[in-house]
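This report concerns only the one structure given below.
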DNA sequence: GTCTATACCAAGATAGAC
DNA sequence: GTCTATCTTGGTATAGAC
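Residue numbers (my numbering), protein chains in the order written: chain A, 1 to 194; chain B, 1001 to 1194.
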């Protein structure tokens, strides 16, 4: 069985994906995790902020690993991108359009009011962009282009979540994925043309 | 002087851009608008939800008009896109990185819990995508491509807001804007090649 | 490490005088 | 159309027994 600390983390993650940071109460968290208030403050003495930072960090790392996994499995960079957006679209459909990612929502909610959480979201996005940049560089794409491509990819993914969730339809995510493939193809062409 | 109803709308818009939907209280709204609670419920009998829907709708329309304005002023579609992302980046810098757009945050916060607000955000995004699609079609880009391009543009813009706000730096927005220009150029090439 | 009770405060909304 | 007082609920956090 999962330990109390892990149950608190996964319950919070799921609630954040449904209601965001400000929309999630610690009562909901303890109820969903079947843990008493005392345990929450035992594991996270800093209260809601410390719990939130832990969720951001751990789930940020999980998504980065997922990206590496999909990239490893794909035949080439363009397919990796399509596969990743397709996977996100499928998750969305299978979970009744719950947000696939709690971090983007939190980032916008707290950026102006909570400096430590804002930095936490920034670190996660940077880690994703760095991971994607390395992949593209490994394919021979020059650093600047690789960075631009990686940044655009992450932005398009987060923006795709916004549109898909508003529409309750995964189609925007697949559409955006297609554009991202075009962009990767374009970058790869200049490499192979050499 | 601005009427009470308008003061309530603009105050709410600004508070949403700082703290999101759930992070904004009606007390903050009435304080910022210098209006008593009674007036708020006089103009918006449906309370917070009705006020929020009004903010979403009116500011969504404002942004659409701004897009048309910039598109009209630009020399060509590619420049229109760069200009638009550049304008957003400048706003971000000049407002201490307050969110340029309240709608994206709200969309993710309420999509799972408030159906009428979810639909409100969806209508706004659809109106933006439709507006951009028409522009691209007017340039000779085929409907399907135009729609894909428009969807990607809106997603990239919203995603750019996420990254820029997390980073407290407008750079991601400009970077994403450059990629969007590449995408538009790519689409235009197939047109002029005919 | 767990659990219950509770302190304290802010939320959204309503009532009714003016 | 404005204003103040107030109702009710639910938020975060703490205390202290077990």
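All residues carry an ideal CB built from backbone N, CA and C; glycine is no exception. Quick caveat, the model's predicted, so the values are computed rather than measured.
If residue i sits next to residue j, beta carbons under 8 Å apart, how far is it from one beta carbon to the other, in whole angstroms?
i: residue 1097 of chain B; j: residue 111 of chain A; result: 7 Å
i: residue 1162 of chain B; j: residue 104 of chain A; result: 5 Å
i: residue 178 of chain A; j: residue 99 of chain A; result: Not a contact, Cβ separation roughly 22 Å.
i: residue 1146 of chain B; j: residue 1137 of chain B; result: 5 Å
i: residue 106 of chain A; j: residue 16 of chain A; result: 7 Å
Taking residue i as the reference, which of the options has the closest Cα?
i: residue 1054 of chain B; options: B/1033, B/1069, B/1121, B/1067; result: B/1121
i: residue 39 of chain A; options: A/166, A/68, A/4; result: A/4
i: residue 75 of chain A; options: A/139, A/179, A/152; result: A/139
i: residue 1091 of chain B; options: B/1036, B/1124, B/1071, B/1171; result: B/1171
i: residue 51 of chain A; options: A/69, A/116, A/71, A/70; result: A/116
i: residue 134 of chain A; options: A/160, A/93, A/71, A/32; result: A/71
i: residue 1173 of chain B; options: B/1023, B/1093, B/1108; result: B/1093
i: residue 131 of chain A; options: A/64, A/79, A/77; result: A/64
i: residue 1008 of chain B; options: B/1029, B/1146, B/1142, B/1095; result: B/1029
i: residue 102 of chain A; options: A/14, A/69, A/188, A/168; result: A/14
i: residue 125 of chain A; options: B/1186, B/1191, B/1168; result: B/1168
i: residue 83 of chain A; options: A/107, A/143, A/176, A/34; result: A/176
i: residue 95 of chain A; options: A/141, A/31, A/18, A/56; result: A/18
Check residue i in the structure and name its three-state DSSP category.
i: residue 1058 of chain B; result: helix
i: residue 1165 of chain B; result: helix
i: residue 106 of chain A; result: helix
i: residue 52 of chain A; result: helix
i: residue 1022 of chain B; result: coil
i: residue 89 of chain A; result: helix
i: residue 1070 of chain B; result: helix
i: residue 962 of chain B; result: The shown model of chain B, from 1001 to 1194, leaves out residue 962 of chain B, and the question about it has no answer.
i: residue 2 of chain A; result: coil
i: residue 1172 of chain B; result: helix
How many Å lie between residue i and residue j at the Cα?
i: residue 148 of chain A; j: residue 60 of chain A; result: 20 Å
i: residue 1153 of chain B; j: residue 1123 of chain B; result: 16 Å
i: residue 36 of chain A; j: residue 47 of chain A; result: 13 Å
i: residue 1058 of chain B; j: residue 1151 of chain B; result: 21 Å
i: residue 1113 of chain B; j: residue 88 of chain A; result: 21 Å
i: residue 1011 of chain B; j: residue 78 of chain A; result: 45 Å
i: residue 160 of chain A; j: residue 1155 of chain B; result: 5 Å
i: residue 1181 of chain B; j: residue 1086 of chain B; result: 12 Å
i: residue 26 of chain A; j: residue 6 of chain A; result: 15 Å
i: residue 267 of chain A; j: residue 1128 of chain B; result: Nothing about residue 267 of chain A can be read from this structure; chain A reaches only from 1 to 194.
i: residue 43 of chain A; j: residue 1024 of chain B; result: 29 Å
i: residue 22 of chain A; j: residue 108 of chain A; result: 11 Å
i: residue 73 of chain A; j: residue 81 of chain A; result: 11 Å
i: residue 1118 of chain B; j: residue 118 of chain A; result: 25 Å
i: residue 1192 of chain B; j: residue 184 of chain A; result: 22 Å
i: residue 1034 of chain B; j: residue 1002 of chain B; result: 11 Å
i: residue 56 of chain A; j: residue 49 of chain A; result: 10 Å
i: residue 32 of chain A; j: residue 62 of chain A; result: 21 Å
i: residue 143 of chain A; j: residue 186 of chain A; result: 15 Å
When Cβ atoms are compared, which residues of the stretch 54-71 of chain A fall closer than 9 Å to chain B?
none
Interfacial residues, the stretch 149-167 of chain A to chain B, with Cβ spacing under 8 Å
149, 151, 152, 154, 155, 156, 157, 158, 159, 160, 161, 162, 163, 165, 166, 167
Closer than 7 Å, Cβ to any Cβ of chain B: which residues of the stretch 118-139 of chain A, in chain order?
118, 121, 122, 125
Using a Cβ-Cβ cut-off of less than 7 Å, give me the residues of the stretch 1015-1028 of chain B that come near chain A, in sequence order.
1018, 1019, 1020, 1022, 1023
Below 9 Å between beta carbons is the criterion; list the residues of the stretch 78-98 of chain A that meet it against any residue of chain B, in chain order.
96, 97, 98
Between the stretch 1179-1190 of chain B and chain A, which residues of the former have CB atoms less than 7 Å from a CB of the latter, in chain order?
1179, 1182, 1183, 1186
Please name the residues in the stretch 1101-1114 of chain B whose beta-carbon is closer than 7 Å to at least one beta-carbon of chain A, in chain order.
1104, 1105, 1107, 1108, 1109, 1111, 1112, 1113
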